[in-house]
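Numbering (our numbering), first residue to last: -2 to 326.
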């Protein structure tokens, strides 16, 4: 049986209706979004409108700065779509589209490290520290940019240590993304400072100190830098946490008090005798003080070699004196 063919005009009419219906369905599927998240400098129409298709793959708006939010009014989006010949976008109750652009923070420390690496590559020697000027804050870049910082240009005044650097992201366009920072390259010194406040007269212990870096210009010749030179010393005044300690701030601990009983050691080749005596003065390690033999009342000089300990070195004393020493022990 031969199938009946539709008249050409009728077939054409049905096809047109189907196409029109498909177009209407496509238009009905275009809906304005209420919020989006973007990366990059621009925003395309197809990011703002759901179902817009390939026609919307055109950058129409500028994105917010990295790490910031913004909005685009619905009427502006519709106007932009009409310029492309696109109509029928449903807005619903959306008055404006909220735009979020995530950011990645490049800290001041990140910048300083990048400049420090370049300085080292150029042969800078010594314990140097890069210090940015205070008016350079941390910087936000697009979260999609994971590249390391690159120093595109670097100028330094060797005499003053001042520098100017042009920074950018590796692989980026310096003219668009770069920024300029200034600061100084400072020679540093390691110095021992108190962890917390120290009272006058309290012997300094290892746990009371910490090593920090300070600009060399601030570290005077009288500043006591090594830990070993501070441990056991006694502050002459109260010291603040983080304060550099100068030699005038310190005194040796008193190991022998005047009129106190001490051990007196007579040391000579092949012979060591110990007796008790009474100190005639006060002193610290290495000081020379007088000491009285408790038995004979004779006064001699010796060197403080420890707490309540005085050592007398030299020829063996006359026999009578040695006997006195033995009796007094």
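Beta carbons: idealized from backbone N, C-alpha and C, even for Gly.
- Per DSSP, reduced to three states, the secondary structure at residue 260 is strand.
- Around the C-beta of residue 116, 16 or more other C-beta atoms lie within 10 Å, and the residue is accordingly described as buried.
- Contact between the stretch 192 to 209 and the stretch 173 to 180 is absent, with fewer than three C-beta pairs closer than 8 Å.
- Taking each of 160, 154, 295, 261 in turn and checking the Cα distance to residue 128, the smallest one comes out for 160.
- Residue 93 carries a strand assignment under DSSP once its states are collapsed to helix, strand and coil.
- Annotated three-state conformation of residue 105 is helix, per DSSP.
- Rounded to the nearest angstrom, the Cβ distance from residue 223 to residue 246 is 15 Å, too far for a contact under 8 Å.
- Under the three-state reduction of DSSP output, residue 75 falls in the helix class.
- Annotated three-state conformation of residue 281 is strand, per DSSP.
- Counting along the chain, residue 150 sits inside the beta strand (DSSP E) bounded by residues 146 to 153.
- Partner residues in the beta bridge of residue 290, as assigned by DSSP, are 274.
- Following the DSSP letters along the chain, one finds residue 195 in no alpha helix (DSSP H), marked with neither H nor E.
- With fewer than 16 other CB atoms across the displayed protein chains lying within 10 angstroms of its CB, residue 265 is exposed.
- In chain order, 144, 145, 147 place their CB closer than 6 Å to the CB of residue 167, counting only its own chain and leaving out the 5 sequence neighbours on each side.
- Nearest to residue 272 by alpha-carbon distance, out of 203, 259, 210, 96, is 259.
- DSSP places residue 210 within a strand segment (E or B) once states are collapsed to three.
- Counting along the chain, no alpha helix (DSSP H) covers residue 306; the unbroken beta strand (DSSP E) around it starts and ends at 306 to 310.
- Per the coordinates, the alpha-carbon of residue 284 lies some 6 Å from the alpha-carbon of residue 300.
- The continuous beta strand (DSSP E) containing residue 137 extends over residues 136 to 139.
- Cβ-Cβ distances below 8 Å link residue 186 to 124, 210, 211, 212, 213, 216, 222 in the same chain, with the five nearest sequence neighbours on each side left out; the list follows chain order.
- Taking C-beta separations shorter than 8 Å and ignoring five residues to either side along the sequence, the partners of residue 206 in its chain run 189, 190, 191, 192, 224, 227, 228, following chain order.
- For residue 45, the enclosing alpha helix (DSSP H) begins and ends at 42 to 45.
- Apart from the 5 residues on each side of it in sequence, residue 64 sits with its Cβ closer than 6 Å to the Cβ of 100, 137 in its chain, given in chain order.
- A straight-line Cα-Cα distance of about 40 Å links residue 113 and residue 68.
- Of the residues 263, 56, 155, 292, the one whose Cα lies closest to the Cα of residue 119 is 155.
- Between residue 81 and residue 55, the gap from beta carbon to beta carbon is short of 8 Å.
- At the C-beta level, residue 279 and residue 253 come within 8 Å of one another.
- Within its own chain, the residues whose Cβ lies closer than 8 Å to the Cβ of residue 105, once the five positions on either side in sequence are excluded, are 129, 133, 134, 135, listed in chain order.
- When the five nearest sequence neighbours on each side are left out, the beta carbons in the same chain lying within less than 7 Å of the beta carbon of residue 61 are those of 67, 96, 98, in order along the chain.
- CA-CA distance, residue 251 to residue 153, rounds to 52 Å.
- Spatial neighbours of residue 43 in its own chain (CB-CB distance under 6 Å, excluding positions within 5 residues in sequence) are listed in chain order as 49, 53, 54.
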